[in-house]
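Protein chains in written order, with our numbering: chain A, 47 to 663; chain B, 105 to 260.
Note that beta-carbon positions come from the ideal geometry of N, C-alpha and C, so glycine has one too.
The structure displayed is predicted, hence computed values, not measured ones.
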């Protein structure tokens with residue numbers, strides 16, 4: 047692999063790669079995203095390769111392990127180009143058949159096609175599937191089409207052309223102007239305009255400056271950053287190099303969660319590849335611009351997604367935030383100017399440079415520009431990663447793209463923004479999703495997690511879940527967060543345990559309001575949001591827990607009882623045998639009963655009953 | 105794995121004995137031994153010229169580190185929001201019952217450690233359980249029992 051010494055070198059390399067690929071008749075794209083990976087997708091690559099080589103067809107067919115296709119609910123996904131035939135839930139056993147019929151004979155394997163749940167029709171082409179048809183995939187477009195661990199593939203798709211454009215003909219100030227024009231706001235949660243941040247960092251005094259990528263995607267339920275960093279690392283790295291050029295940085299850092307080992311691996315790999323081509327390191331593309339990027343792993347602390355805590359942790363200290371009276375763009379890592387943006391923000395940069403800030407600003411709403419990737423998960427049919435323009439109504443995301451709620455259940459709420467966000471209830475289903483509208487609804491954008499909840503989800507339990515999370519993750523530095531979260535958790539736990547007292551709800555509200563005022567960092571300030579927003583929209587559920595000692599969603603164990611339906615029980619004895627506590631009594635072929643005092647409400651009996659005779663009351 | 109000073113030194117040399125490398129060094133040691141042996145903390149402090157208290161503070165702050173030996177098999181149950189609403193808590197309960205351990209504990213014979221993790225980013229496959237490098241998706245209490253049985257058989 048030879049070093050590229052100029053923009054011309056890069057262009058000729060691109061032409062050469064594309065020429066070499068002309069002989070390829072079909073490309074088999076195998077999804078290597080988080081969802082498909084866990085479903086066994088990785089084993090498909092060698093299976094296809096073996097099958098093709100056995101039939102002497104390797105040369106004109108290319109097998110690529112791509113980034114995430116987004117439609118994780120249907121994984122492992124295989125797509126065959128050029129027709130873009132979409133096969134879902136592909137297992138190793140089906141590979142031979144696909145090669146034989148689709149690759150070599152151009153036939154369809156009908157039972158692997160996607161079936162539209164509404165019309166019952168089989169859909170052949172990937173982008174005709176409603177899940178994709180409703181999206182506007184821009185940032186996330188190449189992830190899923192590419193070969194995620196091949197720099198040549200990235201270059202062949204126009205990769206690093208934005209970097210070439212910047213280093214060969216744009217002044218740093220012009221790059222910043224373009225970013226400001228685009229209106230891109232930080233995708234990590236805060237929503238601060240990226241161009242403005244870059245400008246402050248460029249103006250800040252200091253010989254050494256840092257460009258940093260926040261890949262500490264701590265919000266449970268959000269995984270778009272993982273998918274981007276694993277699936278298209280060069281897009282993120284290219285964005286960082288452009289950012290480094292604009293602010294005048296010489297060193298870059300990626301801070302990635304240790305829970306994402308593949309993201310760390312792919313990112314390190316991408317850096318090595320970029321370096322060997324001279325796209326990173328010293329004298330980038332022969333222009334005299336130097337930048338080095340390092341990958342650091344986090345230690346599993348949610349608070350380290352906060353900028354000052356992240357930097358403290360990089361300095362070898364515990365990840366405690368500090369007050370932000372001095373911004374990190376002036377004094378950040380090692381007290382030097384540091385520009386931190388998250389993965390999705392960096393991934394947007396090459397597109398903005400290539401297509402122009404004006405183009406990006408033409409998408410979205412007045413104050414929220416561009417598109418956003420959401421991870422739509424939980425009680426939803428088409429769970430996965432979805433990219434839509436800012437301002438897309440929630441209804442479109444949940445029903446048109448997401449395919450609605452499984453089992454005909456009622457949509458109850460969507461939780462956005464992770465532990466810092468809140469719940470948006472069903473009555474706001476037509477809310478256009480952008481930074482402002484979510485905030486007005488008492489939640490926030492966060493990093494884009496959307497956890498869909500149905501009627502079987504207890505909102506008090508959800509609040510307890512987030513408080514448990516936050517009590518564990520609060521770093522303990524400031525009292526409002528350390529003590530406040532703990533007290534709130536005690537109250538909510540009491541409610542779920544059937545020991546709620548009148549006045550508890552009011553006390554939660556009071557505590558929440560003071561924490562918002564007094565906590566030191568973003569984590570503490572937003573910690574009460576899950577509680578306050580659920581109280582705001584679902585007060586009746588809280589009241590049912592406190593005053594009636596009932597859990598309407600039948601989740602909180604202390605407030606429910608398992609009952610055997612006399613008419614349905616056949617007396618088979620299965621539940622009696624399975625019950626680990628010996629709480630079920632009854633003679634053979636006679637109706638059984640559950641002893642409430644012994645029952646621990648584990649639900650094993652309900653799972654084991656073949657007649658649906660056991661219900662929760 | 106037996107504690108070995110040379111291995112720890114090799115890890116330190118790989119990252120460079122400087123404060124900025126502390127977290128990376130400790131992650132590698134923790135990965136190698138499945139926990140942070142006391143001697144390794146002392147060695148890191150000595151080589152990086154920092155007080156043992158600073159190394160210890162980092163060791164006790166981050167969730168990934170363990171100061172006690174952990175099992176040969178480490179089982180992570182995801183407690184992310186998507187896993188939670190899709191029945192994650194029932195998976196943990198079942199595992200606690202099957203393994204006779206509480207989350208965070210290790211079996212006496214050092215066979216298995218049961219831990220929870222905030223989110224592994226496989227939310228579409230919720231609820232998930234991660235064992236080593238394998239992610240088990242769409243778990244149910246009965247699939248969980250089967251997994252434990254399989255792991256026990258592999259161990260034997």
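Reduced DSSP category for residue i - H, G, I as helix; E, B as strand; rest coil
i                      : result
residue 206 of chain A : coil
residue 312 of chain A : helix
residue 136 of chain A : coil
residue 221 of chain B : strand
residue 655 of chain A : coil
residue 338 of chain A : strand
residue 461 of chain A : strand
residue 191 of chain A : coil
residue 295 of chain A : coil
residue 420 of chain A : strand
residue 289 of chain A : helix
residue 574 of chain A : coil
residue 129 of chain B : helix
residue 148 of chain A : helix
Burial state of residue i (16 or more Cβ within 10 Å)
i                      : result
residue 130 of chain B : buried
residue 238 of chain A : exposed
residue 486 of chain A : exposed
residue 84 of chain A  : buried
residue 51 of chain A  : exposed
residue 309 of chain A : buried
residue 496 of chain A : buried
residue 481 of chain A : buried
residue 369 of chain A : exposed
residue 238 of chain B : exposed
Cα-Cα separation between residue i and residue j, rounded to whole angstroms
i                      : j                      : result
residue 397 of chain A : residue 324 of chain A : 21 Å
residue 280 of chain A : residue 313 of chain A : 8 Å
residue 208 of chain B : residue 587 of chain A : 32 Å
residue 226 of chain A : residue 118 of chain B : 41 Å
residue 552 of chain A : residue 221 of chain A : 51 Å
residue 203 of chain A : residue 278 of chain A : 12 Å
residue 177 of chain A : residue 435 of chain A : 15 Å
residue 78 of chain A  : residue 158 of chain B : 39 Å
residue 458 of chain A : residue 505 of chain A : 9 Å
residue 329 of chain A : residue 335 of chain A : 5 Å
residue 115 of chain B : residue 234 of chain A : 32 Å
residue 537 of chain A : residue 582 of chain A : 17 Å
residue 573 of chain A : residue 534 of chain A : 10 Å
residue 216 of chain B : residue 256 of chain B : 9 Å
residue 177 of chain B : residue 357 of chain A : 33 Å
residue 403 of chain A : residue 224 of chain A : 5 Å
is_contact[residue i, chain A] using C-beta, thresh 8 Å
i                      : result
residue 177 of chain B : no
residue 151 of chain B : no
residue 120 of chain B : no
residue 156 of chain B : no
residue 171 of chain B : no
residue 204 of chain B : no
residue 126 of chain B : yes
residue 197 of chain B : yes
residue 225 of chain B : yes
residue 165 of chain B : yes
residue 184 of chain B : yes
residue 231 of chain B : no
residue 228 of chain B : yes
residue 194 of chain B : yes
Closest Cα partner of residue i within the set the options
i                      : options                       : result
residue 579 of chain A : A:502, A:466 and A:626        : A:466
residue 247 of chain A : A:293, A:288 and A:338        : A:293
residue 291 of chain A : A:399, A:343, A:547 and A:630 : A:399
residue 503 of chain A : B:154, B:185, B:257 and B:122 : B:185
residue 412 of chain A : A:659, A:388, A:438 and A:421 : A:438
Short CB-CB distance (under 8 Å) between residue i and chain B
i                      : result
residue 492 of chain A : no
residue 461 of chain A : yes
residue 98 of chain A  : no
residue 110 of chain A : no
residue 469 of chain A : no
residue 435 of chain A : no
Partners in chain E for residue i, counting only beta-carbon separations shorter than 7 Å
i                      : result
residue 653 of chain A : The displayed structure is made up of protein chains A and B, and chain E is not among them.
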